[in-house]
Amino acid sequence: MHKRMLIQAATALLALQFLAVPVYAAGSGGSGGDETVTHCKKGQVWDKKKKKCVAPQEGMLDDDSIYDAGHALAMAGRYDEAIAVLSLAANKQDPRILNYLGYSHRHSGRVTVGLGYYEEALRIDPNYTLVREYLGEAHLQIGDLAGAQQQLMEIEKRTGKGSREYGMLAEQIDHFMRS
Numbered sequence: 150m151h152k153r154m155l156i157q158a159a160t161a162l163l164a165l166q167f168l169a170v171p172v173y174a175a176g177s178g179g180s181g182g183d184e185t186v187t188h189c190k191k192g193q194v195w196d197k198k199k200k201k202c203v204a205p206q207e208g209m210l211d212d213d214s215i216y217d218a219g220h221a222l223a224m225a226g227r228y229d230e231a232i233a234v235l236s237l238a239a240n241k242q243d244p245r246i247l248n249y250l251g252y253s254h255r256h257s258g259r260v261t262v263g264l265g266y267y268e269e270a271l272r273i274d275p276n277y278t279l280v281r282e283y284l285g286e287a288h289l290q291i292g293d294l295a296g297a298q299q300q301l302m303e304i305e306k307r308t309g310k311g312s313r314e315y316g317m318l319a320e321q322i323d324h325f326m327r328s
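Under the numbering used here, the first residue of the sequence shown carries the number 150, and numbering increases by one thereafter.
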């Protein structure tokens, strides 16, 4: 009886695999990163050219594919995988790559390491407001309200109060001050 239940459960899980369809975040447009999260097993990324999951190796994927996969993994909470993939980028000075290396380290509990990546990204592109939002959040994680508020002012200078980044960081600061 027990064996039959296990077989039925395994069959049901196998059937669910074939029914699964990729769900894309708003505005994602089905980039290679989405396929990495929805189709690839741990340790693999989606290769847009080959249209299949592959084990990432340095020089094998272009930096845009590496960014797409790393970003998607980071947003899915798979931070160590994101770090491993993003570290394969040929251009180690791409602010997008640095931003999500910072994000992934920060969310893995290595806030100081994350801060370093954010600062490097801003050294290269001081107008990259998403980095500023995440940097502000990192400052809040270490209890530095003034540092977060400084990033909020920098975002306001560059994009105004109506930007997504301004709104997100302002909300985090408000939450921090109320708690």
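Positions of the beta carbon are idealized from the N, C-alpha and C atoms, including for glycine.
Query - Residues of its chain near Val-262, where Cβ-Cβ distance is below 7 Å and the 5 sequence neighbours each way are ignored - result: His-254
Query raised in the report: Is the segment 277-286 touching the segment 303-315, taking contact as three or more C-beta pairs under 8 Å?
Result: yes
Report task. Could you pull out every residue in the same chain whose Cβ sits closer than 6 Å to the Cβ of Leu-271, ignoring the five residues on either side in sequence? Result -> Val-280
Query - Residue interval of the alpha helix (DSSP H) (run including Lys-200) - result: Counting along the chain, Lys-200 falls outside any alpha helix (DSSP H), and DSSP gives it neither H nor E.
Query raised in the report: What separation, rounded to the nearest whole angstrom, lies between the Cα atoms of Lys-191 and Glu-230?
Result: 8 Å
**Report entry** Ile-291 classed as buried or exposed, judged by whether at least 16 other C-beta atoms fall within 10 angstroms
**Finding:** exposed
Requested in this report: Under 8 Å by Cβ, that's how I've got Gln-193 and Val-203 pegged, so tell me the actual separation to the nearest angstrom.
Outcome: 6 Å
Report task. Can you tell me which of Asp-213, Val-234, Asp-212, Leu-318 puts its alpha carbon nearest to the alpha carbon of Leu-222? Result -> Val-234
Report task. Please classify Lys-183: does DSSP put it in a helix, a strand, or coil? Result -> The sequence shown places Asp at residue 183, rather than the Lys named in the question. Asp-183: helix per DSSP, three-state reduction.
Query - Cβ-based burial, Gln-300 [other Cβ within 10 Å; buried from 16] - result: buried
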